[in-house]
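So that you can map any letter, position 12 of the sequence shown is 12 in full-length UniProt numbering, and since no number is skipped, the others follow by simple counting.
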Amino acid sequence: MQSETWSGYTSLRKGVEGVRAQWIEPDVAGKPNANVYIWIGVGGWETKYHELVQIGTLAYTDEKGKTTHKVWYETLPELSQLTSMTVAPGDRIAAVMELEPGSHEHWVLSLRDVTRGTEYTKRITYSSSQVYADFIVEDPSLNSTELDVPLYPLQRFSPVRFTNAQVHYSDGWYSIGALKMLQISMEQHDEVLASPSPISLPDAFSVRHA
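Given below as structure tokens:
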């Protein structure tokens, strides 16, 4: 499957109650205003399921050429929310988001920088169809959640390797290698910008810049 903005994997099984994964924050290089987002989430596909809750890291280069890596979260249709927590290239990141027991709308989003020993946690209320569990590298839209607006320039990034990529259903956690997953390549103007490797069983894959 192709997307202008996403590269990675999403599950096709309904009833998602949580998602978790780890990755190493990549080295990046790009011109001013270049961005790359790395995240886990639930939702984001098909019109009737066009909602999305997500948490992850991002790297952006400002107009002066300074690059910053930060933690963020988002609940569509709201714009992404930057947190005060920063990370650095080479840091091991562990992210998890999960519904509270017995709830269909109370989520706990958490991201831990294992290398630095820092953590961000946010409890939110967000109604979800609980369809599609996502593990994604993204080129975001420019100051908007609309799909027809311009995209930020995509950072060049070192390969992002997702590990311990798992999805929580009512009967427990499943490694992505045990699930039917949809592989997504990022394509813009007939050019592949990023693509995922096959899944290394049980629960790992890499997204590489073309």
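The beta carbon of each residue, even a glycine, is placed where N, CA and C say it ideally should be.
Computed from a prediction, not measured in an experiment: that's the story for all the values here.
- [ ] Count the other C-beta atoms from every protein chain shown that fall within 10 angstroms of the C-beta of Met-1, then say buried if there are 16 or more, exposed otherwise.
- [x] Burial state of Met-1 is exposed, judged by a 10 Å Cβ sphere holding fewer than 16 other Cβ atoms.
- [ ] Starting from the N-terminal side, write out each stretch of the alpha helix (DSSP H) that is 4 residues or longer and does not extend beyond the stretch 137 to 165.
- [x] Whole alpha helix (DSSP H) segments, 4+ residues: zero.
Task: Residues near Ala-210 by beta carbon distance below 8 Å, same chain, minus five either side - done: Excluding residues up to 5 positions away in sequence, Glu-191, Val-192, Leu-193, Ala-194 and Ser-195 lie with their Cβ nearer than 8 Å to the Cβ of Ala-210 in the same chain.
Task: Alpha-carbon to alpha-carbon, Ile-38 and Ile-24 - done: Taking the straight line joining both Cα atoms gives about 10 Å.
Task: DSSP beta-bridge partners of Val-19 - done: According to DSSP, Val-19 bridges with Met-97 and Val-167.
- [ ] Grab me the residues of residue 229's own chain with a C-beta within less than 6 Å of its C-beta, minus the 5 sequence neighbours each way, in chain order.
- [x] Any answer about residue 229 is impossible in this case: the structure gives the chain only from 1 up to 210.
Task: Neighbour-count burial assignment, Pro-140, 16 or more Cβ in a 10 Å radius - done: It is buried - the Cβ of Pro-140 has at least 16 other Cβ atoms within 10 Å.
Open item on the list: Does Ser-7 pass the burial test, meaning 16 or more other C-beta atoms within 10 Å, or should it be called exposed?
Closed with: The residue is buried, with at least 16 neighbouring Cβ atoms inside 10 Å.
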